[in-house]
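Just remember that our numbering sits 27 ahead of the position in the sequence shown, which is counted from 1. Structure, as structure tokens:
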Amino acid sequence: MQKEYFMKKAIQQAKLSLKTGDVPVGAVVVKDNKIIAYACNKKEKKQNCLAHAEIIAINKAIKKLKTKILPDCELYVTFEPCLMCVGAILSAKIKKVYFGAYDLRFSCANLLKENNFNFSTDVEGGILKEECGEMLTEFFKKIRKAEKLNAN
Numbered sequence: 028m029q030k031e032y033f034m035k036k037a038i039q040q041a042k043l044s045l046k047t048g049d050v051p052v053g054a055v056v057v058k059d060n061k062i063i064a065y066a067c068n069k070k071e072k073k074q075n076c077l078a079h080a081e082i083i084a085i086n087k088a089i090k091k092l093k094t095k096i097l098p099d100c101e102l103y104v105t106f107e108p109c110l111m112c113v114g115a116i117l118s119a120k121i122k123k124v125y126f127g128a129y130d131l132r133f134s135c136a137n138l139l140k141e142n143n144f145n146f147s148t149d150v151e152g153g154i155l156k157e158e159c160g161e162m163l164t165e166f167f168k169k170i171r172k173a174e175k176l177n178a179n
């Protein structure tokens with residue numbers, strides 16, 4: 028029940044991404060069962076390829092806690108983290124990652140727990156995966172439809 032609650036908060040963030048034409052991904056950082064940071068994708072809005080929801084949320088949490096790592100925190104994200112975000116999660120030493128939809132093209136989540144680094148993170152995927160996946164599917168359908176119309 029608690030996992031679903033925090034994932035719903037991440038979903039709310041993901042929906043904000045849609046307003047700026049960004050891929051609908053949202054993230055929340057949780058410590059002691061309280062949300063301490065949240066973010067949505069802002070790559071398009073900021074014209075910055077590094078502005079992923081996870082990176083932004085981790086940065087906010089680090090600033091709020093005045094620390095450089097987050098070993099007592101959990102991250103909830105609507106879509107399986109990419110390679111860049113996996114690196115940030117491991118660098119921040121986040122305790123556990125929960126994600127919604129799986130990346131069926133390029134899965135990186137296994138790198139969080141099965142790696143040769145000096146730190147690993149627990150990971151659990153599939154939390155509200157249908158709701159998370161539906162947002163992504165609809166977003167990319169609209170993109171493809173618009174591209175098709177522009178091509179004609």
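Even glycine gets a Cβ: it sits at the ideal position worked out from N, Cα and C. Predicted model only: the values in this text are computed from it and were never measured.
CA-to-CA, the gap between T148 and K122 works out to about 5 Å. Annotation: I154 is outside any alpha helix (DSSP H) and is labelled neither H nor E by DSSP. The C-beta distance from F146 to L176 rounds to 47 Å, too long to meet the 8 Å contact threshold. Contact between V55 and S44 is ruled out by a C-beta separation of about 14 Å, above the 8 Å threshold. Per DSSP, F167 has no beta-bridge partner at all. Pairwise C-beta distances place the region 164 to 171 out of contact with the region 105 to 116, as fewer than three of them are shorter than 8 Å. Contact holds between the region 128 to 138 and the region 150 to 166, because three or more Cβ pairs, one in each stretch, are under 8 Å apart.
In the DSSP assignment, I63 falls within the beta strand (DSSP E) that extends over K61 to C67. Between the C-alpha atoms of K90 and A119 there is a straight-line separation of about 12 Å. Between the alpha carbons of L77 and V104 lies a distance of about 16 Å. V50 and E101 do not touch by the CB rule: their CB atoms are close to 22 Å apart, not below 8 Å. Listed in chain order, the non-local C-beta contacts of L138 below 7 Å within the same chain comprise V113, local neighbours out to five positions each way being set aside. Within the region 86 to 154, the complete alpha helix (DSSP H) segments at least 4 residues long are 110 to 119 and 137 to 140, listed from N- to C-terminus. Counting other Cβ atoms within 10 Å of its Cβ, F144 stays below 16 and is therefore classed as exposed.
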